[in-house]
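The numbers in the working numbering rise by one with no breaks, and the one at position 47 of the sequence shown is 92.
Quick reminder that beta carbons are idealized off the backbone N, C-alpha and C, glycines included.
Nothing here was measured: the structure is a model prediction, and the numbers come from that model.
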Amino acid sequence: MVNRRMLVAGVTIAIAYIVGAFLHVSYPLHSSERELGFGIQSAAIGLTLLWWGIACLLLMFRWKATSPGFRTLFVLDFVVVFAALKEVVDAFVQ
46 MVNRRMLVAG VTIAIAYIVG AFLHVSYPLH SSERELGFGI QSAAIGLTLL WWGIACLLLM
106 FRWKATSPGF RTLFVLDFVV VFAALKEVVD AFVQ
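Okay, structure coming up:
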């Protein structure tokens, strides 16, 4: 049951990020829609980091109970988490 809820949460966060990215690039500069897209992306990145931390704990303690779809989403979210952390580190280094 936890596996399904985590999978749905991960897919929902991914969809929110995609919608935010679409809004961010589709509208002219300094419009409210573009700012909304930026806010959605920022929130989705924070939720992705939170989801990934919880997923790490779930995978460590209940590996056999997780589905292949959940593991695939975990690996794809690892790429997003790595990119987000790289941006944070780059922002602090400069």
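Contact annotation: residue 68 and residue 82 have beta-carbon atoms nearer than 9 Å. When rounded, the separation of the alpha-carbon atoms in residue 50 and residue 132 is 29 Å. Excluding residues up to 5 positions away in sequence, 78 and 79 lie with their Cβ nearer than 6 Å to the Cβ of residue 72 in the same chain. Shown here for residue 94: same chain residues with a beta carbon closer than 7 Å to its own, the five before and five after excluded, namely 126 and 129 in chain order. Distance from the CA atom of residue 105 to the CA atom of residue 65, rounded to whole angstroms, is 31 Å.
Between residue 59 and residue 89, the C-beta spacing is below 9 Å.
For residue 72, there is no enclosing alpha helix (DSSP H), as DSSP marks it with neither H nor E.
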